[in-house]
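Have a look at the structure below, then the notes.
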Amino acid sequence: MKDFAHRNATSVDEAVRLLKKNKGKTKLNAGGTDLLGLLKDMVLPDYPETLINVKDIAGLDYIREDKEGLRIGALTKLKHLVDSPVVREGYRLLAEAAKSVAGPQIRNMATIGGNLAQDVRCWYYRYPDQIGGTIKCLRKGGTVCNALAGENRYHSIFGAAPLASHPCAAHCPANTAIPSYLEKIKNADFNGAARIFVEFNPMPAITGRVCPVFCEPNCNRTDHDEPVAIKCVERSLGDYTLDHAKEIYKGPEAESGKRVAIVGSGPAGLAAAYYLRRAGHAVTVYEKLPEAGGMLRYSIPGYRLPKDVLKKQVQALADMGITFTCGTEAGKIDELRDRFDAVLVATGAWKERAQTLKGDGSAISGLTFLKKVSEGDRTVPGKKVAVIGGGNVAVDVARTLARLGAKPVVIYRRTQKEMPAFKDEIEKAREEGTVFQYLTLPVRSEKSGEKVLLTCVKTKLGSADASRRRRPVPKEGSDFTASYDAVITATGEEPDRSLLSGKINKDSGYLLGDNLYIAGDFKNGSTTVIEAMTSGREAARVINSRIGAKEPSQKTVSSLPRFTSPVYERSSRLAIGEAAVAERVKDVDLEDCRGASLLEAEKEARRCFDCGCLAINPSDVGNALVALRGTIVTTKRSIGAETFFAPNATASTVLEADEMITEIRIPSLPKGARQKYLKFTLRKPIDFALVSVASVLQMANGTCKDARIVLGAVAPGPIRAKKAEEIIIGKPITAELIEEAAEAAVAESRPLSKNGYKVQIGRALVKKTLEEGSGVHDKNLS
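Going by the working numbering, the sequence shown opens with residue 3, and the numbers climb by one from there.
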């Protein structure tokens, strides 16, 4: 056992003061029956620096009954609950649960507060660190619960305690609540999923096509079989969202009276417009090009993002009341600032970086080429075309050239490993005939008759530069010249900030001064579509806070279910059909990939692990308190027992670090209420439960008037069998009804590979408790 400071608290106030002083590096010791074992085996992920002894605090060891019910001090020993006539006669369920805890010696030491706050039971979590090294389970900083695919016979059959932050969502620039919307899709609730999604990203039909999927590489399903095809599901949801735009993209409930101008209609401008309009502002979007969309419209080719999808998206926003003024300059920014309450500049990164390529200026701009093609110009600059660059624009240019009949050669000064372009786009370009020439640096381009002569030098990789990629170093004497019909440059883009005075860089905030704001690639430099959208969303949030607008409450963002319901069977991820190469290269506007149907998306969503901890809560007393409608009183609040055991993947209760249980309250039970606690263990009643059932039935003339049925040791916390309760309440209890209720109690279970037996035991215990509680068992015997 490691050293720790030991403090004796003589009062609740002193204990709380010590808890606050040590800021989460402290543990309370009441009975010590659970904590001391954890410390001895060094189980805890963070060993406490201080242990506070609360055993000697006076006034917390009592059992009292008044007109409202039973009050129990948090330091009351379990033995006293078992022996108390008041508890045995009026609250028998609690006495039975307390008696089932361990043996007499433990019950003489263990307190009711300690039993409620005890840590989870899981072999992986409690594996002693000093024996072979720690097992880094989810509660100890790991990324996945070991019980998902390992030894899980004692774990939850009702899903996992959810993570506060899921790996997929944490790596999404928009922090999209991916498990939340997937949970809706699992249940075919696409409308609900869409409402959750647009709280984070208002354009899933776009990002579902062009997002580089920051989320999928971090999916915990990867090590089990394959990651969830989140992007495919997102695209299906996006298409659904546009098909139901009037339901999803609604205007504000009330107008704010504020006016906001947005200069630029790219991803940042469109996202900002959505959130600002939703807050009730009159929003005008200025776009100097003929159609709205910015880079989405004039840079990303149609085979990646069809123009009709973008048009539907813009129309959905316009139908919210957003005004789009296209084909005209916005005018001077200072003049806009005089006319509007806020002005947001989000004009993107359209300016090509200064060229190091010397020569006669015969090279063509990659952005200019893509813009012309998007406007309908199908002129091919030549048969053999050199494309200089390694980013997404370079690859988009190459793939577009292939569709126009050219033979593109992408020339890049580093290797493929260092290319910033999306890897799947590189592979598709190669499939379509693009040749990639690596470790080659173009230095001069000159016209020679109908051809363009491109002089290059070979390079080798040196030390890392500011981009954390290895620097290309020219090889002496490696110059060579090649002939092409055309040369197109795509070596990076940056924002043109000349329209604003003052220095702007990546560290600049969204607010530049007074009512002027910036967002997207104009603020941050060239990024991805989802990063630009997120920047627009955050800029809207800043504007709303500055101009006194109240953002609409996020009623549509529901939390995950109490316990998540993962699917563990091995399965292949959704395979999306892709047009054959021969078909792809025929049409620059033919979308490469087909979308998934709603049924396919629903099936794929069910593969989500809903990552969380599968350890079970072992508190027998906790199960009883949920059935008895108990309340846990702490130094901060009163918490219903059912809410108290609402764990996440790092905590078994909702107790905060500086919070202490002081009292347990149970309301008076109706006269004649029938209480029962049944517990199934491996060897003897004092063991931890494999399954337990706590029940309170109120019967009158053979009819169930009320019921509370609680399953224990089958989930991360006590879980109500609400469907079973609904089946029997208000009905005469019969053997057939009991069978139906018992089946319903476990109908939503999701057993793991080795704990399916818990389903059978749970069903049997519910049946038994209902038979004995209702008297049907006695009737059958007679």
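Where a beta carbon is used, it is the ideal one built from N, C-alpha and C, also for glycine.
Check	Outcome
How big is the Cα-Cα spacing for V399 and P753?	51 angstroms
Grouping DSSP H, G and I as helix and E and B as strand, with all else coil, what is E67?	strand
Could you compute how far the alpha carbon of R66 sits from the alpha carbon of L239?	56 angstroms
If we call anything under 8 angstroms between Cβ atoms a contact, is A348 one with G295?	no
Starting from M701, follow its DSSP beta bridges and name the residues at the other end.	C706
Just how far apart, CA to CA, sit M421 and G393?	6 angstroms
At the level of alpha carbons, what is the spacing between E750 and V698?	22 angstroms
Beta-carbon separation of F647 and G764 under 8 angstroms?	no
Are the CB atoms of L772 and I731 nearer to each other than 8 angstroms?	no
With C-beta atoms as the reference, is T683 less than 8 angstroms away from L692?	yes
Could you give the first and the last residue of the continuous beta strand (DSSP E) run that contains R685?	Looking at the DSSP string, R685 is not in any beta strand (DSSP E), and its letter there is neither H nor E.
Straight-line CA distance for S561 to V761?	Any reading at S561 must be qualified, since the residue scores a pLDDT of 38, below 50, and its modelled position is unreliable; no value is offered.
Is it buried or exposed, H8, if we count other Cβ atoms within 10 angstroms and call 16 or more buried?	exposed
Roughly how many angstroms lie between the CA atoms of T483 and K588, to the nearest whole one?	31 angstroms
Go ahead and pull the three-state DSSP assignment for S537.	helix
What is the DSSP secondary structure of D467, reduced to helix, strand or coil?	coil
Which residue wins for smallest C-alpha separation from E741, given the options S755, A726 and D85?	A726
If you drop the 5 nearest sequence neighbours on each side, which residues of the same chain put their C-beta closer than 7 angstroms to that of V212?	I302, R306, L307 and V531
Quick one: Cα of C234 to Cα of L406, how far?	28 angstroms
Measuring CA to CA, which of K4, N10, V14 and D5 is closest to T637?	V14
Note down, in chain order, each residue of its chain lying with its Cβ closer than 8 angstroms to the Cβ of G704, except the 5 sequence neighbours on either side.	P734, I735, S776 and G777
Is it right to say K673 is buried, meaning 16 or more other beta carbons lie within 10 angstroms of its own, or is it exposed?	exposed
For R499, is the classification buried or exposed, using 16 other Cβ atoms within 10 angstroms of its Cβ as the cut-off for buried?	buried
In whole angstroms, what is the alpha-carbon distance linking K260 and H283?	5 angstroms
Quick check on this structure: which residue in L95, C221 and I208 has the alpha carbon closest to the alpha carbon of A172?	C221
Assign S621 to buried or exposed, taking buried as 16 or more other Cβ atoms, counted over all protein chains shown, within 10 Å of its Cβ.	buried
If contact is defined by three or more beta carbon pairs under 8 angstroms, each pair taking one atom from either stretch, is the stretch 335-350 in contact with the stretch 535-552?	yes
Considering only C-alpha positions, which residue in the set F424, K449 and C458 is nearest to Y440?	C458
Among R586, V84, T536 and D321, which has the Cα closest to the Cα of R432?	R586
Tell me which residues share the same chain as H226 and place their Cβ nearer than 6 angstroms to its Cβ, disregarding the 5 neighbours each side in the sequence.	A151
Mind the definition here: the stretch 440-450 touches the stretch 622-631 only if three or more C-beta pairs lie below 8 angstroms; say whether that holds.	no
Less than 8 angstroms separating the beta-carbons of N55 and L616?	no
Helix, strand or coil: how does DSSP classify D85 here?	helix
Quick one: Cα of P383 to Cα of A396, how far?	15 angstroms
Among K57, L713, I520 and G361, which has the Cα closest to the Cα of V262?	I520
Count the other CB atoms, across all protein chains shown, that sit within 10 Å of the CB of G115; report buried if there are 16 or more and exposed otherwise.	buried
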